[in-house]
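These protein sequence lines map, in sequence, to chains E and C.
Reminder that position 24 of the first sequence reads as 24 in the working numbering, one-by-one numbering, no gaps.
Reminder that position 17 of the second sequence reads as 17 in the working numbering, one-by-one numbering, no gaps.
Beta carbons: idealized from backbone N, C-alpha and C, even for Gly.
A short write-up of the structure that comes next.
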Amino acid sequence: MAPRSASELLFDSEASLRLVDSAIVELKPDTEAPDPAVSARLPQQLLRAFGEIGTILTRLRESRGVLEQAHMDKLAHMHSKLREVTSATEMAATDILNGLDRSIAMVDELDQLGEGHEPTTRAAEVRATMRDELFGLMNHLQFQDITTQQLAYASSVILEMEDRLSLLMKYFSPSHIAPEIVPSPRPLGLAFDPNASNSDAHDRQALADSLFIAR
Amino acid sequence: MKFLVVDDSVTMRRIIVNSLQRIGYSNTVEAGDGQEALSAFDASVGFVITDWNMPNMTGLEFARAVRARGDGKTVPILMVTTRSMREDILAAVEAGVNNYILKPFTPAVLKEKIDQVLSVSGEVAA
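Rendered as structure tokens:
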């Protein structure tokens, strides 16, 4: 039998629940004298409801399998990829900072080598401009901190989704039937701003300035 | 003047320390979170630059802890953070932060804010 998607299974489960609901409505106690015809049908209706509940449980357990597959494979993979990207950007930023530090030191050295000689204005200007450029590049690396916070937020959303799915799966299958779900490793010391952004820095700074001036 | 630079991002600490050197402040100490910063804080620290979102102890908690100390009541505290919600900024004001910079910032903004804080506290800017 071809595996069915979670949405198909959930649709079937919903249809079954509706049938159970209608059976329960039929079973609802009447305030007037009991209808002998309804009373006679009661055992049949109970059997029907029982059968539907059994079907729901089977479908929910099938859904659990589909959800578990998504949970274990895709969410865990996505989480690990985000951690990999965070780590890669951090290493790259450190390498770039090291390179920029070395470059600035070389420009400083060029300044010192020029001492005692007749300095040309143009050479001094180029060195100053180069130092400014290198320093500006260093400053642009702030993106790494902001991106790390954005990735940490995305990662926390995935972990939360994983927790909720785990809860849902436990609900679908009692623990003595379902295998224990091993949660993804939790990052230590995750600190981030969910609204961290590289954009609109000027406007955001203006708001902070206005609130500090107003205090 | 000794600057205490607090940020859990090594990249950010390096950028801030480099910016400080460039505007004439080369005496710096660094800390990776509020707890570490509180251990490093003493009367020799003349200026604090802190991030907000950090593990163990946030910048906001650190600012409150500094203000609660006898030797930390008047030290200038500049917060450099991504947190730009109105209520966050007001919380920083309440915690005793003297000024606030949103990331990403330029060295010119850093210098401007340091000068503003020092001029209010009566110190001479570099």
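Please tell me whether P150 of chain C has its Cβ less than 7 angstroms away from any Cβ of chain E. The shown model of chain C, from 1 to 126, leaves out residue 150 of chain C, and the question about it has no answer.
C-alpha gap between R83 of chain C and D200 of chain E, whole angstroms: 13 angstroms
Check the Cβ-Cβ distances between F138 of chain E and every residue of chain C, and say whether any is below 7 angstroms. A small fix is needed here, since residue 138 of chain E is Met in this sequence, not Phe. Answer yes: the Cβ-Cβ gap between M138 of chain E and chain C drops below 7 angstroms somewhere.
Where does the unbroken beta strand (DSSP E) through T50 of chain C begin, and where does it stop? V45 to T50
Start-end ranges of the beta strand (DSSP E) lying completely within the region 80-122 of chain C, minimum 3 residues: 99-102
Bridge partners - L4 of chain C, DSSP secondary structure assignment: C:V29 and C:V48
Local Cβ density within 10 Å of T129 of chain E, reported as buried at 16 or more and exposed below that: exposed
Can you name, in chain order, every residue of its own chain whose Cβ lies under 8 angstroms from the Cβ of G96 of chain C, other than the five neighbours on each side? A63, R64, V66, R67 and I77
Neighbourhood of H79 of chain E by C-beta, 7 angstroms cutoff - its chain only, sequence neighbours within 5 removed: S155, I158, L159 and S184
Between T86 of chain E and M85 of chain C, what straight-line distance do the alpha-carbon atoms span, to the nearest angstrom? 25 angstroms
Consult DSSP for I53 of chain E and reduce its assignment to one of helix, strand or coil. helix
If I'm right that V117 of chain C touches V75 of chain C with Cβ under 8 angstroms, what's the distance once you round it to whole angstroms? Actually they are not in contact, since the Cβ atoms of V117 of chain C and V75 of chain C sit about 10 angstroms apart, beyond 8 angstroms.
Taking 7 angstroms as the CB-CB limit, is M57 of chain C close to chain E? no
Which residue's Cα is closest to the Cα of R102 of chain E: E:Q144, E:L17, E:L113 and E:M138? E:M138
Close Cβ partners of I213 of chain E (< 7 angstroms) along its chain, the five nearest in sequence each way excluded: none
Between which two residues does the alpha helix (DSSP H) holding N18 of chain C run? V10 to R22
Can you tell me whether L60 of chain C is buried or exposed, with buried defined as 16 or more other CB within 10 angstroms of its CB? buried
Specify whether the region 18-32 of chain C and the region 160-167 of chain E touch according to this definition: at least 3 beta carbon pairs, one from each stretch, less than 8 angstroms apart. no
Please tell me whether I114 of chain C has its Cβ less than 7 angstroms away from any Cβ of chain E. no
Does F192 of chain E come within less than 7 angstroms of chain C when only Cβ atoms are used? yes
Closer than 9 angstroms by beta-carbon distance: list the chain C residues that pair up with Q205 of chain E, in chain order. S84, Y100, I101, L102, F105 and V109
Note the first and the last residue of the continuous alpha helix (DSSP H) segment covering R215 of chain E. That residue, R215 of chain E, is in no alpha helix (DSSP H); it is neither H nor E in DSSP.
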